[in-house]
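Asker:
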Amino acid sequence: MSALYVLCAMVALALLVYLVAALLNPEEFT
Numbered sequence: 075m076s077a078l079y080v081l082c083a084m085v086a087l088a089l090l091v092y093l094v095a096a097l098l099n100p101e102e103f104t
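For the sequence shown, this note's numbering begins at 75 and goes up steadily by one.
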């Protein structure tokens, strides 16, 4: 179960970073 938790955490972190990058650099995400 810990492996699944780590996988979900990595996916959530990657999505959060992507959303923050899209907010800071909207011209790069057309």
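The beta-carbon is built from N, C-alpha and C at its ideal position, and this holds for glycine as well.
Return the CA-CA distance between ALA77 and ALA83, expressed in angstroms with no decimal places.
Answerer: Straight-line Cα distance between these residues: approximately 10 Å.
Asker: Can you tell me the Cα-Cα spacing of LEU90 and ASN99, whole angstroms?
Answerer: Those two C-alpha atoms are separated by around 14 Å.
Asker: Cutting at 7 Å between CB atoms, please list the residues of its own chain near TYR92, excluding the five before and the five after it.
Answerer: Contacts found: none.
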